[in-house]
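> In order, the protein sequences belong to chains B and L.
Just so we're aligned, residue 1 is where the first sequence starts under the numbering used here, counting upward by one.
Just so we're aligned, residue 1 is where the second sequence starts under the numbering used here, counting upward by one.
Heads up, the beta-carbon is just placed ideally off N, CA and C, and yes, glycines get one too.
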Amino acid sequence: MNVKLPGTVPEALDMLASDGAAVPIAGGTDLLVHWPVRVEAHERTYVDLSRLDSLRPLRWTADELLLGGLTTYWDVIRDALARAEFPLLVNAARQVGAIQIQARGTWAGNIVNASPAADGVPVLMAYDAVVVLESRRGREEVPLDRFYSGYKEMKRRPDQLVVAIRLPRRRYSYQVFEKVGARRAQAIAKVGLAITRSGAGWRVVAASVAPTIRRCPAVERLLETGTPIASPEALLPAIAQDVAPIDDIRSTAQYRARVMARVLYHDLRDFWGTRA
Amino acid sequence: MTTLTVTFTLNGKPVSLGVDPAARLLDTLRYQLALTGTKEGCGEGECGACTVYLDGLPVNSCLIPTYQVRGHRVETIESLDPGALEPFERCGATQCGACTPGVVMMAWWIRGHAELLSTHSIRELMAGNLCRCTGYDGIVESVAEALPDGRGKRET
């Protein structure tokens, strides 16, 4: 294994540009799980980000929350303003492993690890997060809901580093994050849902029910149009348009679709148009 | 294989040693520095037996490449007063002992950050420490007992 230890962001970008197979490593909570076992991990070059202190802090501007490329879950959990303005970030962060993981894991790492079962990504997406990528060729911004193109496929070139995540500050009239797992703590989601409503409209984001975390446009449309929905089952056609759950070690496709329907139906009871 | 020289503060004292870039902090502590109080349970960040403090925050040493602690501050179970174990023995929260160093590290960290109990329960704060012997009631009770004013006792 080869490790490169940049001291500044430009140095890190040079290292990524000169080795297309180099893997950036931040908190290591995903990469270390199979660290000593995988042969290819021994042959790989890692670019260590842990010294890039400028990427660590989260910052507030008049109209945005900016998470740094190295901002951890714990950094957000401990931020009083984040608790008030982006409660789903805090809620989801508290369900990522336990403190030992929250202290190391980064939001940017959660995005580029690209797990379909991620906890951080759905809440970021429900808040219309924008991924800020930097390389020697310049800066690029990609809305998170357009960042993934397939299972573990994303619009990050190997020479690009996620240096920030931008979240617009908005007034939310509804926001909820639901994670269904095998146990309350330290579970990986069988189904995850992040739902928000603001002046920008409804956002319904689902986890663990498709090859990527994704928005659910058909379900969002039902909410926008106030379509009457009288039961969880009535949501299944829209869910089938939006997601494609599979059977795997954690759950089954059928269970996932049904749980998603029931959680959506019960959480959003007041909005399904039946009472109009 | 290249070796990296890593200098950091361990239990209040400076240490400097050469490590394999792939070395995990857990293995460096146990096999290079002979601090075997820190245990390996799962090796993938689930069980918390390998909990140490990095710059004052509890972390899983199985998930940290040793080179990442260069210039930082690490504390292990060996840094704690042996008296830290007392509430756990009294409350029946120890048996085989594999989880105990991690559990005590977490308990003592909570003790030093009791303000977290306004937002977190002891159970949530201890969620990253698995025990296969005793069940969790004794552990939660011990953590509450370890608090300066017993303020967590309500929860047990």
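1. My assumption, with CB atoms under 8 Å, is that Glu40 (chain L) sits in contact with Ala49 (chain L). Please give the rounded CB distance.
2. Look at Gln160 (chain B) and Glu134 (chain B) and say whether their C-beta atoms are less than 8 Å apart.
3. Taking Ala354 (chain B) as part of the alpha helix (DSSP H), name the residues at either end of that continuous run.
4. Is it a yes or a no for the segment 6-23 of chain L touching the segment 58-77 of chain L, going by three-plus beta-carbon pairs under 8 Å?
5. Look at Val90 (chain B) and Val76 (chain B) and say whether their C-beta atoms are less than 8 Å apart.
6. In chain L, which residues lie with their C-beta within 9 Å of the C-beta of Asn281 (chain B)?
7. So the beta strand (DSSP E) Trp202 (chain B) belongs to, where does it begin and stop?
8. Can you find a CB in chain L that lies within less than 8 Å of the CB of Leu55 (chain B)?
9. Please state whether the Cβ-Cβ distance between Gln175 (chain B) and Asn60 (chain L) is less than 8 Å.
10. Note down, in chain order, each residue of its chain lying with its Cβ closer than 6 Å to the Cβ of Thr227 (chain B), except the 5 sequence neighbours on either side.
11. Who pairs with Phe8 (chain L) in a beta bridge, going by DSSP?
12. Please specify which runs of the alpha helix (DSSP H), each continuous and at least 4 residues long, are wholly inside the segment 189-265 of chain B, giving them in chain order.
13. Below 8 Å on the Cβ atoms is my guess for Arg90 (chain L) versus Phe8 (chain L); work out the distance and round it to an integer in Å.
14. Once you ignore the five residues that flank Thr38 (chain L) on each side, which residues in its own chain have a CB closer than 7 Å to its CB?
15. Taking CB distances under 8 Å as the criterion, tell me whether Trp107 (chain B) reaches chain A.
16. Pop quiz: Ala84 (chain L) and Trp108 (chain L) are said to be a contact at Cβ under 8 Å. What is the actual Cβ separation, rounded to whole angstroms?
17. What first and last residue would you give for the alpha helix (DSSP H) that runs through Ile64 (chain L)?
18. May I ask you to list, following chain order, the residues of the segment 126-144 of chain L that have a beta carbon less than 9 Å from some beta carbon of chain B?
19. Near Pro87 (chain L), which residues of its chain fall below 7 Å by C-beta distance, leaving aside the five closest residues on each side in sequence?
So, to answer that:
1. As a first step, residue 40 (chain L) must be located in the second sequence, where it is residue number 40. As a first step, residue 49 (chain L) must be located in the second sequence, where it is residue number 49. Yes, they are in contact, since the Cβ atoms of Glu40 (chain L) and Ala49 (chain L) sit about 6 Å apart, within 8 Å.
2. By one-based count along the first sequence, residue 160 (chain B) stands at place 160. By one-based count along the first sequence, residue 134 (chain B) stands at place 134. The answer is yes: Cβ separation under 8 Å.
3. In this structure chain B extends from 1 to 276, so residue 354 (chain B) is not present and cannot be described.
4. Remark: three or more beta-carbon pairs, one from each stretch, lie closer than 8 Å, so the segment 6-23 of chain L and the segment 58-77 of chain L are flagged as touching.
5. In the first sequence, residue 90 (chain B) corresponds to position 90, counting from 1. In the first sequence, residue 76 (chain B) corresponds to position 76, counting from 1. Yes, they are a contact pair.
6. Within the shown structure, residues of chain B are numbered from 1 to 276, placing residue 281 (chain B) beyond reach of any answer.
7. By one-based count along the first sequence, residue 202 (chain B) stands at place 202. DSSP places Trp202 (chain B) in the uninterrupted beta strand (DSSP E) bounded by Gly201 to Ala207.
8. The residue given as residue 55 (chain B) occupies position 55 in the first sequence. It does not; no Cβ of chain L falls within 8 Å.
9. Here residue 175 (chain B) corresponds to residue number 175 of the first sequence, with the count starting at 1. Here residue 60 (chain L) corresponds to residue number 60 of the second sequence, with the count starting at 1. No; because the gap between Cβ atoms is not below 8 Å, this pair is not in contact.
10. For the purposes of this step, residue 227 (chain B) is identified with residue 227 of the first sequence, where counting begins at 1. Here the set comprises Gly273.
11. What you label residue 8 (chain L) is simply residue 8 of the second sequence in a count that begins at 1. Answer by DSSP bridge pairing, in chain order: L:Val15.
12. 217-225 and 236-242, all fully within the segment 189-265 of chain B.
13. Against the second sequence, residue 90 (chain L) aligns to sequence position 90. Against the second sequence, residue 8 (chain L) aligns to sequence position 8. Incorrect: roughly 35 Å between the Cβ atoms, too far for contact.
14. The residue given as residue 38 (chain L) occupies position 38 in the second sequence. Taking C-beta separations shorter than 7 Å and ignoring five residues to either side along the sequence, the partners of Thr38 (chain L) in its chain run Leu26, Leu29, Arg30, Cys50, Val52, Ser61, Thr76, Ile77 and Pro101, following chain order.
15. Chain labels in this structure do not include chain A; the protein chains are B and L.
16. Here residue 84 (chain L) is taken as the residue at index 84 of the second sequence, counted from 1. Here residue 108 (chain L) is taken as the residue at index 108 of the second sequence, counted from 1. That pair is a contact at about 6 Å.
17. For this step, residue 64 (chain L) is matched to residue 64 along the second sequence. Careful: Ile64 (chain L) lies outside any alpha helix (DSSP H) and carries neither H nor E.
18. From the segment 126-144 of chain L, only Met126, Ala127, Gly128, Asn129 and Leu130 have a Cβ closer than 9 Å to chain B.
19. Position 87 of the second sequence, counted from the first residue, corresponds to residue 87 (chain L). The answer, listed in chain order, is Ser142, Glu145 and Ala146.
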